[in-house]
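Quick note: to get the working numbering, add 9 to the position in the sequence shown (first position is 1). Where is the CB? At the ideal position from N, CA and C, for every residue including glycine. Here the structure is a predicted model, which means the values were calculated and not measured. Below is one structure, written out as structure tokens, with a few remarks after it.
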Amino acid sequence: MAVPRARSFLASVLGWVIVAIIAYFVLGALVGTILWILRTLLIIVAIGGLIWLYFRLKTPKD
Numbered sequence: 010m011a012v013p014r015a016r017s018f019l020a021s022v023l024g025w026v027i028v029a030i031i032a033y034f035v036l037g038a039l040v041g042t043i044l045w046i047l048r049t050l051l052i053i054v055a056i057g058g059l060i061w062l063y064f065r066l067k068t069p070k071d
């Protein structure tokens with residue numbers, strides 16, 4: 010009777026390890042994607058701000 014209980018416990022532990030590994034990669038990909046989007050938006054805003062500043066400083070004052 011002890012052998013099936015041990016196999017059941019090991020199967021459960023192995024299942025949770027597999028779920029943890031999959032969750033680690035999925036969450037890592039999700040966090041990486043969100044950070045990539047934020048970095049892209051930050052670069053676009055910075056370039057837009059530099060272009061705005063360039064044209065603001067380039068125009069002659071009346």
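Spatial distance of residue i from residue j (CA atoms)
i	j	result
T68	I56	19 Å
V54	R48	10 Å
A20	I30	15 Å
G37	L66	43 Å
I72	I46	Since the first and last residues shown for the chain are 10 and 71, residue 72 lies out of range.
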